[in-house]
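Protein chains in written order, with our numbering: chain A, 1 to 253; chain B, 1 to 259.
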Amino acid sequence: MTVAFSALPCPDSLLRRLDPRWKLAGLLLLTVTTACLRRPNSAAIALAVALTLAALGRLPPRWFFARLGAAALFLSPFVISLPFLLHRPGTDVALGLGTVPYGLGVALLLAMKSLAVVVLMLVILATAPLDATLKAAHSLWIPGLLVHLGLLTYRYLFVLSSELRRLRVALRVRGYRHRASLHGYRTVGHVAGTLLVRGVERAERVSQAMRCRGFDGRFRSLTSFQTRVLDVAAFLVLAATAAGLLLWDNWKP
Amino acid sequence: MGQLEAVTADSAIRVRELSYAYTGGPRVLDGLTFDIAAGESVALVGPNAAGKTTLFLCLGGVLPTPPGSVTVAGLDPSDPVQRRSLPTRVGIVFQNSDDQIFNATVFDDVAFGPLNLGLPAKDVRLRVKEGLARVGLSGAEERVPFHLSGGEKRRVALAGVLAMGTDVLLLDEPSMHLDPRGRREFIQLINGFNVTRIIASHDLELVLRTCQRALVLDAGKLVADGPTRTLLSDRALMEEHGLEVPHSLTPHGEGHRHH
Chain A
1 MTVAFSALPC
11 PDSLLRRLDP
21 RWKLAGLLLL
31 TVTTACLRRP
41 NSAAIALAVA
51 LTLAALGRLP
61 PRWFFARLGA
71 AALFLSPFVI
81 SLPFLLHRPG
91 TDVALGLGTV
101 PYGLGVALLL
111 AMKSLAVVVL
121 MLVILATAPL
131 DATLKAAHSL
141 WIPGLLVHLG
151 LLTYRYLFVL
161 SSELRRLRVA
171 LRVRGYRHRA
181 SLHGYRTVGH
191 VAGTLLVRGV
201 ERAERVSQAM
211 RCRGFDGRFR
221 SLTSFQTRVL
231 DVAAFLVLAA
241 TAAGLLLWDN
251 WKP
Chain B
1 MGQLEAVTAD
11 SAIRVRELSY
21 AYTGGPRVLD
31 GLTFDIAAGE
41 SVALVGPNAA
51 GKTTLFLCLG
61 GVLPTPPGSV
71 TVAGLDPSDP
81 VQRRSLPTRV
91 GIVFQNSDDQ
101 IFNATVFDDV
111 AFGPLNLGLP
121 AKDVRLRVKE
131 GLARVGLSGA
141 EERVPFHLSG
151 GEKRRVALAG
161 VLAMGTDVLL
171 LDEPSMHLDP
181 RGRREFIQLI
191 NGFNVTRIIA
201 SHDLELVLRT
211 CQRALVLDAG
221 KLVADGPTRT
231 LLSDRALMEE
241 HGLEVPHSLT
251 PHGEGHRHH
């Protein structure tokens, strides 16, 4: 659990120095475009672009690959099973260097698109402090309530993870070792239930504390952003890349 | 009752026949009546589930109260218009600071309340600076709240409340999760505030050192109201309501202190 909930890195880089609003707008545009791609070779280009951005953002390799690996692990059952489950004779997918069966083509498309989106999300998260990113999101007309939700989710992931850690210690000191048995699954269920109940109770107390400080659902911030030529140029490069990807994806020789 | 009426004129908190029950549950508060004068420091003691936190939530306008049963700083929490002004007059420091601190930086967290008041940026910055200075955390503006110690989190929560400019402070178990040094520093801190305050705590030594008057609550009823030292040294009263005479008020404790 420590991997998932460790604090976000924010190394100094070209991307880190950009105005978060322009950067977020450009990266979101690229993310949506990537999600819309339909051909494996354009998805491969999108993944290469995303990895280049991760390198430009100087994301710590260990932090970055741990998360990318987790995403790949999550995807693997789908990607591995698709070539065996999807058969369409005579509909081979062209990859530029040759053709592959339809199922394998779909699996490659799914894997590369998903990994590219994950990489872009990691770039968004790790190239500006989270509060700056959320404030930028609000200035891009994301509703204040959603921004608060993001902020609270981030904060309480840490609180819930430390509660989970305490529960695990409490289980261990009473001799519990997880095994694939009815008792093991029941215990995991009880722990999950306890966390959920505590989460609900905590949400109630947080809501009370917020109301005591005059919260009315609106997001307010003192952060001010400043647009420079470099920010606009970076946005235009990202937008042009997104447009290029879409054109390539729809181009039929 | 004569003494009670005498302090009503300049009461910061006025409670009359206040009862409260959560939906489908028994009464948590049962006919509470008391007054607290402006500038008074009052302890709220009692066993678990006595209704201390519920009383705070009623005073802070978080839980609904019948009209006329509660007046805090001249405002009636049952009136929606007056309730909106309540956060500028009453501040609650919750038992668990993790429930109260949720922003990504200490600055943002302390600024949360003043921003909700719609103050100009300059005033918000000033209030944050002053709030942090009052709790001894100047320079911690950019720190990340979940990297703070328990004592620091408690101070940030307090700074967030002070930044609202409140004149009534409700502290729920303020010494919980604090080490002896953090507790000692926190006592010095709250003794330095010139505001009306109620401190709900099981830490009776802290209560002795911070409050001149105590209210004993048990099963939602107010069972005693008087000088802290007198009430807390009443062994029969303490034991009847699940409490203990603080060590420093026992003959052994006194003797120990003199040595």
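A virtual CB, placed ideally from N, CA and C, is assigned to each residue, including glycine.
Applying a beta-carbon distance threshold of less than 9 Å, which residues of chain B neighbour residue i?
| i | result |
| --- | --- |
| A:Asp131 | Asn103, Ala104, Thr105, Asp108 |
| A:Gln208 | Leu57, Gly60, Val62, Leu63, Ile92, Phe94, Asp99 |
| A:Gly144 | The contacting residues do not exist; A:Gly144 stays about 12 Å from chain B at best. |
| A:Arg155 | Asp98, Ile101, Phe102, Asn103, Ala104, Pro145, Phe146 |
If contacts are defined as beta-carbon pairs under 8 Å, then residue i and residue j qualify, I think. What distance do you get, rounded to the angstrom?
| i | j | result |
| --- | --- | --- |
| A:Thr33 | A:Val117 | About 10 Å; that fails the 8 Å criterion. |
| A:Gly57 | A:Leu18 | With 8 Å as the limit, A:Gly57 and A:Leu18 do not qualify as a contact, their Cβ atoms being about 10 Å apart. |
| A:Val79 | A:Ala111 | 5 Å |
| B:Leu171 | B:Ala200 | 7 Å |
| A:Pro83 | A:Gly103 | 4 Å |
| B:Arg27 | B:Gly220 | 5 Å |
| B:Glu141 | B:Val106 | 6 Å |
| B:Asp98 | A:Val159 | 5 Å |
For a contact meaning CB atoms closer than 8 Å, what does residue i contact in chain B?
| i | result |
| --- | --- |
| A:Leu152 | Phe102 |
| A:Leu222 | Ala111, Leu115, Ala121, Val124, Arg125 |
| A:Val159 | Asp98, Phe146 |
| A:Arg205 | Phe94, Asn96, Asp99 |
So who's on the other strand from residue i, going by DSSP bridges?
| i | result |
| --- | --- |
| B:Leu243 | Answer is none; B:Leu243 lacks a bridge partner. |
| A:Val256 | Residue 256 of chain A is absent from the structure shown; chain A starts at 1 and stops at 253. |
| B:Lys221 | B:Asp218 |
| A:Arg174 | A:Arg174 pairs with nothing; no bridge assigned. |
| B:Leu227 | Note that residue 227 of chain B is Pro in the sequence shown, not Leu. In DSSP, B:Pro227 forms a bridge with B:Arg213. |
| A:Ser181 | According to DSSP, A:Ser181 bridges with nothing at all. |
| B:Ala200 | B:Leu44, B:Asp172 |
| B:Ser11 | B:Ala37 |
Along chain A, which residues have their Cβ under 8 Å away from the Cβ of residue i?
| i | result |
| --- | --- |
| B:Met164 | Arg213, Gly214 |
| B:Gly160 | Arg213 |
Interface residues of chain A around residue i at Cβ under 9 Å?
| i | result |
| --- | --- |
| B:Pro87 | Arg211, Cys212, Arg213, Gly214, Phe215 |
Using a Cβ cut-off of 7 Å, pull out every chain B residue sitting near residue i, in sequence order please.
| i | result |
| --- | --- |
| A:Arg202 | Asp99 |
Beta carbon of residue i: closer than 7 Å to some heavy atom of the ligand GTP?
| i | result |
| --- | --- |
| B:Val15 | With respect to the ligand GTP, the structure offers nothing, as it holds no ligand at all. |
I'd like the ranges of any alpha helix (DSSP H) spanning at least 4 consecutive residues and lying wholly in the stretch 14–97 of chain B.
The qualifying runs are 52–59, 80–85.
Is there contact between the stretch 37–47 of chain B and the stretch 209–225 of chain B, where contact requires at least three CB pairs shorter than 8 Å?
A contact exists between the stretch 37–47 of chain B and the stretch 209–225 of chain B.
Taking contact to mean 3 or more Cβ pairs, one atom from each stretch, closer than 8 Å, check whether the stretch 65–75 of chain B and the stretch 186–199 of chain A are in contact.
no
Using 8 Å as the threshold, is the stretch 184–191 of chain B in touch with the stretch 233–248 of chain A, meaning 3 or more CB pairs across them?
Three or more Cβ pairs closer than 8 Å define a contact, and the stretch 184–191 of chain B falls short of that threshold against the stretch 233–248 of chain A.
Indicate whether the contact test is met: 3 or more Cβ pairs, each with one atom in the stretch 130–137 of chain B and one in the stretch 150–161 of chain B, closer than 8 Å.
yes
Is the stretch 84–96 of chain B close to the stretch 160–170 of chain B, with three or more CB pairs under 8 Å?
yes
For the stretch 42–49 of chain A and the stretch 240–247 of chain A, state whether three or more C-beta atom pairs, one from each stretch, are separated by less than 8 Å.
Yes: at least three Cβ pairs fall under 8 Å.
Segment contact, 8 Å Cβ cut-off, at least three pairs: the stretch 227–239 of chain B with the stretch 51–69 of chain B
no
Taking contact to mean at least 3 C-beta pairs separated by less than 8 Å, is the stretch 101–117 of chain B in contact with the stretch 213–229 of chain A?
yes
Segment contact, 8 Å Cβ cut-off, at least three pairs: the stretch 172–182 of chain A with the stretch 124–138 of chain A
no
Count Cβ pairs between the stretch 15–35 of chain B and the stretch 199–212 of chain B that sit closer than 8 Å; are there 3 or more?
no
Quick check for students: name the residue ranges of the alpha helix (DSSP H) that lie wholly in the stretch 117–160 of chain A, counting only runs of 4 or more.
Within the stretch 117–160 of chain A, complete alpha helix (DSSP H) segments of at least 4 residues are found at 130–139, given in chain order.
Are at least three pairs of beta-carbons, each pair with one atom in the stretch 145–152 of chain B and one in the stretch 116–127 of chain B, less than 8 Å apart?
no
Which runs of the beta strand (DSSP E), 3 residues or longer, sit entirely within the stretch 127–181 of chain B?
168–172
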